[in-house]
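First residue of the sequence shown: 247, per the numbering used here; consecutive thereafter. Beta carbons are placed, not taken as given, at the ideal position from N, Cα and C, and that holds for glycine.
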Amino acid sequence: MPALVDNKEIVRRFAEEFINGGNYDTAEEFLAEDIADHTPSGETTGREAVVETLKTVRTAFPDFVVTPRDIVAEDDTVAVRMTQRGTHEGTFMGIEPTGNAFEIEAMAFMRLEDGKIVERWGRPDLLGLFRQLGRTELPAPPA
Numbered sequence: 247m248p249a250l251v252d253n254k255e256i257v258r259r260f261a262e263e264f265i266n267g268g269n270y271d272t273a274e275e276f277l278a279e280d281i282a283d284h285t286p287s288g289e290t291t292g293r294e295a296v297v298e299t300l301k302t303v304r305t306a307f308p309d310f311v312v313t314p315r316d317i318v319a320e321d322d323t324v325a326v327r328m329t330q331r332g333t334h335e336g337t338f339m340g341i342e343p344t345g346n347a348f349e350i351e352a353m354a355f356m357r358l359e360d361g362k363i364v365e366r367w368g369r370p371d372l373l374g375l376f377r378q379l380g381r382t383e384l385p386a387p388p389a
């Protein structure tokens, strides 16, 4: 049972320090070198790719934050239901900055090994995000 508590704490700190704090130097502490990251935008592999993804998000939404609402762990997997917020100040998925603030719900599942995230599945409410950015249609999926 202690491993579940530890995994939940790792994920909570990952959200607070890496995502919300934008502290990219913590990537090595939280992410496996060959992490597989699955998102609606596509799949990336590797710690540096995850860092670059967060940099892209924080360029589009400099005040981007996640607030975990529920964190549940079983075996080596941690599930998080969260709220994501930010203000659209840079280009995102081809959408020019609108200055609009957004708030959406999202879920993520993370599998950990030896205290590091080795695989992550992120599912934000992209339709809700695009609507709050003033889009009535979804951008084309990545090629």
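Close Cβ partners of residue i (< 7 Å) along its chain, the five nearest in sequence each way excluded
i: I256; result: F276, L358, G361
i: K254; result: I317, A319, V324
i: P314; result: R258, A261, V326, M328
For residue i, the residue or residues it bridges with in DSSP
i: G332; result: F348
i: F355; result: A325, W367
i: D283; result: T290, R366
i: L277; result: I363
Whether residue i touches residue j by CB criterion (8 Å)
i: V318; j: Q330; result: no
i: E274; j: R293; result: yes
i: T272; j: G368; result: no
i: V296; j: T290; result: yes
Secondary structure of residue i, DSSP reduced to three states
i: E320; result: strand
i: P248; result: Its pLDDT being 48, under 50, P248 is placed unreliably in this model, and the value from its coordinates should be taken loosely. Looking at P248 - three-state DSSP - the assignment turns out to be helix.
i: E289; result: strand
i: R315; result: strand
i: L207; result: The structure shown does not extend to residue 207, since the chain is modelled only from 247 to 389, so the question has no answer here.
i: D271; result: helix
Residues near residue i in its chain [Cβ-Cβ closer than 6 Å; skip 5 each side]
i: A347; result: T333
i: P248; result: Residue confidence is low: P248 scores 48 on pLDDT, short of 50, so the model does not pin down where it sits. Its coordinate-derived value is still stated next. The answer is none, since no qualifying residue turns up.
Close Cβ partners of residue i (< 8 Å) along its chain, the five nearest in sequence each way excluded
i: E349; result: T329, Q330, R331, Q378
Anticipated Cβ contact below 8 Å, residue i with residue j, distance rounded
i: R366; j: I281; result: 7 Å
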